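Input: a single structure, listed below in structure tokens.
In the working numbering, the protein residues as written are 64 to 334.
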């Protein structure tokens, strides 16, 4: 049947390429005319392109080094330049992890810096005569102390100094035993704005009156003395070298002489 169809549509000159016929195209209807379809074009295989992992041709010129912006490296030959710059970068205060207690400060990378800050804090308390070392009975309630660590930055963000402030845990104070009154008056911002506005209105260029000045008192609470009627015994802070030795049934404590930060009555004593 295929031969007769070939004779009807071209005779012997018809193409013998019957590859376009698929097994599914053969039909039982012998009377249906079939037209020869053109053969699909054969594509010439493309020449293989060299892969980026292949070895380059020694005769071809080497490409220039890859350049990138930002903090990325500029080529492989300039890597030491960036390492040299990284070694000279100043450490910022925001990059230092502030310890939350004495143990974390001594276990961190800045142990020496925090140790110097603690020694300076204890020396300042010794100079101001903040406490007296005493021996008290073992069951006498005391107020625990702790250090609050802070990294003081400069204007450009670099580290100015490491600060360790000794504070008391005022929430451990017993009412009636460690304190009675805690009220201290404070200035309202409305009153402050009124005074500043009145000074700006009354001040004249040639007048020396109504000039606004400000002052800062270093360790303000430590300038207030604790009266003898208030018996405040503090626990020994970490890294403190005591000169007393308590016998059996007694312990060494610090009799507080000045208002330390953390006391509930520190603001009243300073006022």
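Glycine included, C-beta positions come from ideal geometry on N, C-alpha and C. Quick caveat: nothing in here was measured; it's all calculated off a predicted structure.
Shortest alpha-carbon distance to residue i belongs to which of the options?
| i | options | result |
| --- | --- | --- |
| residue 349 | 205, 328, 288 and 169 | Since the first residue of the chain shown is 64 and the last is 334, residue 349 is not available in this structure. |
| residue 284 | 321, 199, 238 and 227 | 321 |
| residue 255 | 216, 300, 196 and 277 | 277 |
| residue 295 | 194, 306, 177 and 162 | 194 |
| residue 173 | 202, 185, 191 and 214 | 214 |
| residue 232 | 281, 158 and 204 | 204 |
| residue 236 | 281, 293 and 177 | 293 |
| residue 238 | 252, 223, 258 and 206 | 206 |
| residue 316 | 184, 200, 190 and 192 | 200 |
| residue 164 | 189, 198 and 300 | 300 |
| residue 182 | 307, 302, 308 and 216 | 302 |
| residue 187 | 307, 282 and 308 | 282 |
| residue 241 | 180, 271, 307 and 291 | 291 |
| residue 216 | 279, 158, 304 and 250 | 158 |
Which of the three DSSP states is assigned to residue i in this structure?
| i | result |
| --- | --- |
| residue 160 | coil |
| residue 235 | helix |
| residue 230 | strand |
| residue 272 | coil |
| residue 150 | Since pLDDT at residue 150 reaches only 47, below the 50 mark, its modelled position is unreliable, and no value is offered. |
| residue 223 | strand |
| residue 285 | helix |
| residue 296 | strand |
| residue 307 | coil |
| residue 336 | Since the displayed the chain opens at 64 and closes at 334, residue 336 lies outside it and no answer follows. |
| residue 323 | coil |
Start and end of the beta strand (DSSP E) containing residue i?
| i | result |
| --- | --- |
| residue 318 | 313-319 |
| residue 194 | 194-200 |
| residue 212 | 208-216 |
Within a Cβ cutoff of 8 Å, which residues of the same chain sit near residue i, ignoring the five residues on either side of it in sequence?
| i | result |
| --- | --- |
| residue 331 | 244, 245, 246 and 247 |
| residue 221 | 153, 154, 155 and 156 |
| residue 160 | 171 |
| residue 288 | 320, 321, 322 and 332 |
| residue 230 | 208, 209, 210, 211, 323, 324 and 325 |
| residue 177 | 162, 168, 169, 171, 212, 225 and 227 |
Can you give me the Cβ contacts of residue i inside the same chain, cut-off strictly under 6 Å, excluding the 5 residues immediately before and after it?
| i | result |
| --- | --- |
| residue 275 | 262 |
| residue 310 | none |
| residue 312 | 201 |
| residue 140 | Low per-residue confidence applies at residue 140: pLDDT is 36, beneath 50, and the placement is therefore not dependable, though the value from the model is reported in the following sentence. Excluding sequence neighbours, residue 140 sits near nothing in its chain. |
| residue 314 | 201 |
| residue 266 | 273 |
Cβ of residue i within 7 Å of any heavy atom in the ligand NAD?
| i | result |
| --- | --- |
| residue 221 | Looking at this structure, you won't find the ligand NAD or any other ligand, since it has none at all. |
What span of residues does the alpha helix (DSSP H) with residue i cover, start to end?
| i | result |
| --- | --- |
| residue 181 | 174-191 |
| residue 332 | 329-333 |
| residue 261 | 252-265 |
| residue 242 | Taken as a continuous stretch (DSSP letters only), residue 242 belongs to no alpha helix (DSSP H), as it is neither H nor E. |
| residue 279 | Counting along the chain, residue 279 falls outside any alpha helix (DSSP H), and DSSP gives it neither H nor E. |
| residue 249 | Run containing residue 249: none; DSSP gives neither H nor E here. |
| residue 165 | 165-170 |
Among residues of its own chain, excluding the 5 on either side of residue i, which ones have a beta-carbon nearer than 7 Å to its beta-carbon?
| i | result |
| --- | --- |
| residue 334 | 247 and 248 |
| residue 297 | 194, 205, 206, 208, 231, 316, 317 and 319 |
| residue 191 | 285 and 321 |
| residue 335 | The structure shown has nothing for residue 335, since the chain only spans 64 to 334. |
| residue 180 | 225, 226 and 227 |
| residue 184 | 227, 228 and 229 |
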